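Chains as they are written, first to last, in this note's numbering: chain F, 6 to 95; chain U, 369 to 734.
Just so it is clear, CB atoms sit at the ideal spot from N, CA and C, and this is done for glycine as well.
The structure presented is a predicted model; accordingly, all values stated were derived computationally and were not measured.
Report on the structure given below.
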């Protein structure tokens with residue numbers, strides 16, 4: 006599947022804004038990202054494994070927080086998008 | 369390390385700001401160049417140019433994607449992460465919130481550095497910042513469950529490795545207070561006797577004080593000074609107890625403190641209105657004592673005044689160099705950078721319109 010990487014994390018992926026990984030759930034996808042691009046997992050999740058509060062992951066057009074969170078199943082060929090929250094005013 | 373771009377004796381100032389790191393330099397402390405704005409977009413709480421090795425360190429506290437320590441071997445042009453950075457284990461249940469402070473170790477251990485973070489934890493590197501380990505002694509302190517954060521979080525913001533004793537070190541945590549180890553970090557004791565806590569039911573608790581900045585006398589290792597949320601204090605016995613040295617300062621509150629290494633009874637603080645957290649009245653003032661707090665005097669020559677002057681300085685927003693006369697450096701939370709090349713007698717506005725300044729550190733290139 007394809008994972009779209011936000012601009013602030015492109016240093017992790019060698020400036021590639023789309024990368025390919027495999028995984029059955031969003032949690033698996035994050036683990037695969039961290040395996041291929043060490044440190045990327047820490048940027049997405051706390052040490053405790055929770056999704057960081059200002060990181061938003063979309064499976065296609067759906068925010069996974071409104072699906073099954075990190076346990077959301079991901080089908081082959083899907084596109085996963087990683088964004089950070091909008092941050093006006095700070 | 370690459371060859372330094374700076375001549376020996378050059379003073380290099382690192383300004384950690386809300387939007388990146390500024391690198392300034394001067395050969396006479398009067399004429400300054402802004403050499404770089406690097407790590408643009410990063411929230412930099414603290415940065416250090418380690419005079420012992422020439423390596424530069426900075427904290428990148430990203431609100432979205434987490435905090436990390438960064439290293440530079442070309443004086444800030446390019447940056448990279450350590451081989452093993454600062455992260456808690458999953459089993460610890462802790463989450464790294466912010467990296468607050470980078471403190472080089474003692475002069476005779478040039479590969480050692482310490483880092484303080486929120487949640488209050490102490491990290492050490494023995495290889496010039498390449499790999500980092502958590503100091504477990506503090507982690508397992510029996511009072512830890514009762515520690516409460518200050519407004520800036522439960523931050524370990526001051527680290528003072530005793531220059532006379534490798535087993536002794538002090539740390540400052542808001543709002544826990546001063547702590548000391550006498551056994552190289554295996555165990556820690558609270559060291560807050562006679563420092564006030566005006567925001568709780570007990571005025572002089574064992575711990576829970578809101579220390580803001582801690583510094584050590586360079587030649588009398590038992591002498592410490594601290595700017596606290598509730599006063600200014602000196603200890604003459606390594607923190608066993610403290611004496612209030614606020615004396616004639618207009619108020620208790622302030623964040624930073626700096627010391628003149630060649631005249632170590634000369635201290636600097638920026639007394640602030642505790643509500644607005646900016647200067648009292650209409651005159652921005654750095655206060656100086658030349659007798660370890662028996663009397664404080666305002667230094668204002670070259671500092672701004674007027675109805676609209678409301679400047680604040682954060683806990684790492686002021687420092688002094690080791691030259692004689694001492695240079696004193698102040699960065700404000702409204703983006704001004706002031707330098708005094710004569711230990712506070714006069715001040716120059718070196719830079720304005722910067723992002724809010726979190727920290728100022730200076731090094732003299734060897």
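Where residue i falls: helix, strand or coil (DSSP)
{"i": "residue 27(F)", "result": "coil"}
{"i": "residue 674(U)", "result": "coil"}
{"i": "residue 470(U)", "result": "strand"}
{"i": "residue 71(F)", "result": "helix"}
{"i": "residue 82(F)", "result": "coil"}
{"i": "residue 699(U)", "result": "strand"}
{"i": "residue 719(U)", "result": "strand"}
{"i": "residue 611(U)", "result": "strand"}
{"i": "residue 481(U)", "result": "strand"}
{"i": "residue 522(U)", "result": "coil"}
{"i": "residue 38(F)", "result": "helix"}
{"i": "residue 441(U)", "result": "coil"}
{"i": "residue 13(F)", "result": "helix"}
{"i": "residue 18(F)", "result": "helix"}
{"i": "residue 590(U)", "result": "coil"}
Within chain U, the residues that residue i reaches when beta carbons sit closer than 8 Å
{"i": "residue 63(F)", "result": "Result: empty, since nearest Cβ-Cβ is about 15 Å, beyond 8 Å."}
{"i": "residue 90(F)", "result": "432"}
Length of the line joining the Cα atoms of residue i and residue j
{"i": "residue 56(F)", "j": "residue 33(F)", "result": "13 Å"}
{"i": "residue 682(U)", "j": "residue 727(U)", "result": "7 Å"}
{"i": "residue 715(U)", "j": "residue 37(F)", "result": "55 Å"}
{"i": "residue 729(U)", "j": "residue 717(U)", "result": "16 Å"}
{"i": "residue 475(U)", "j": "residue 531(U)", "result": "8 Å"}
{"i": "residue 653(U)", "j": "residue 722(U)", "result": "20 Å"}
{"i": "residue 481(U)", "j": "residue 674(U)", "result": "42 Å"}
{"i": "residue 624(U)", "j": "residue 53(F)", "result": "34 Å"}
{"i": "residue 406(U)", "j": "residue 381(U)", "result": "13 Å"}
{"i": "residue 524(U)", "j": "residue 82(F)", "result": "46 Å"}
{"i": "residue 84(F)", "j": "residue 487(U)", "result": "36 Å"}
{"i": "residue 533(U)", "j": "residue 470(U)", "result": "20 Å"}
{"i": "residue 603(U)", "j": "residue 30(F)", "result": "57 Å"}
{"i": "residue 614(U)", "j": "residue 528(U)", "result": "22 Å"}
{"i": "residue 375(U)", "j": "residue 553(U)", "result": "38 Å"}
{"i": "residue 629(U)", "j": "residue 641(U)", "result": "28 Å"}
{"i": "residue 710(U)", "j": "residue 636(U)", "result": "13 Å"}
{"i": "residue 662(U)", "j": "residue 633(U)", "result": "10 Å"}
Residue i - containing alpha helix (DSSP H), residue span
{"i": "residue 461(U)", "result": "Here residue 461(U) belongs to no alpha helix (DSSP H), and DSSP marks it neither H nor E."}
{"i": "residue 622(U)", "result": "First-last for residue 622(U): 622–627, but that is the beta strand (DSSP E), not the alpha helix (DSSP H)."}
{"i": "residue 47(F)", "result": "45–49"}
{"i": "residue 506(U)", "result": "504–507"}
Cross-chain neighbours of residue i in chain F, by beta carbon under 7 Å
{"i": "residue 464(U)", "result": "52"}
{"i": "residue 461(U)", "result": "53"}
Within chain F, the residues that residue i reaches when beta carbons sit closer than 8 Å
{"i": "residue 457(U)", "result": "52"}
Residue interval of the beta strand (DSSP E) (run including residue i)
{"i": "residue 740(U)", "result": "Missing from the structure shown is residue 740(U); chain U here goes from 369 to 734 and no further."}
{"i": "residue 7(F)", "result": "7–9"}
{"i": "residue 546(U)", "result": "545–549"}
{"i": "residue 660(U)", "result": "Here residue 660(U) belongs to no beta strand (DSSP E), and DSSP marks it neither H nor E."}
{"i": "residue 634(U)", "result": "Segment: none, residue 634(U) is in no beta strand (DSSP E) and carries neither H nor E."}
{"i": "residue 732(U)", "result": "725–732"}
Chain-ordered neighbours of residue i on chain U, where CB pairs are closer than 7 Å
{"i": "residue 8(F)", "result": "Here the premise fails: no neighbours, minimum Cβ distance about 15 Å."}
Contacting positions in the stretch 36–53 of chain F - beta carbon closer than 8 Å to chain U: Cβ contacts with chain U come from 44, 47, 48, 49, 51, 52 and 53.
In the stretch 427–455 of chain U, which residues sit with their C-beta less than 9 Å from some C-beta in chain F, listed in chain order? 430, 431, 432, 433, 434, 436, 449, 453 and 455
What are the residues of the stretch 12–39 of chain F that lie near chain U, defined by any Cβ-Cβ distance shorter than 8 Å? 13 and 14
Closer than 9 Å between beta carbons: that is the criterion. Which residues of the stretch 70–84 of chain F meet it against chain U? From the stretch 70–84 of chain F, no residue has a Cβ closer than 9 Å to chain U.
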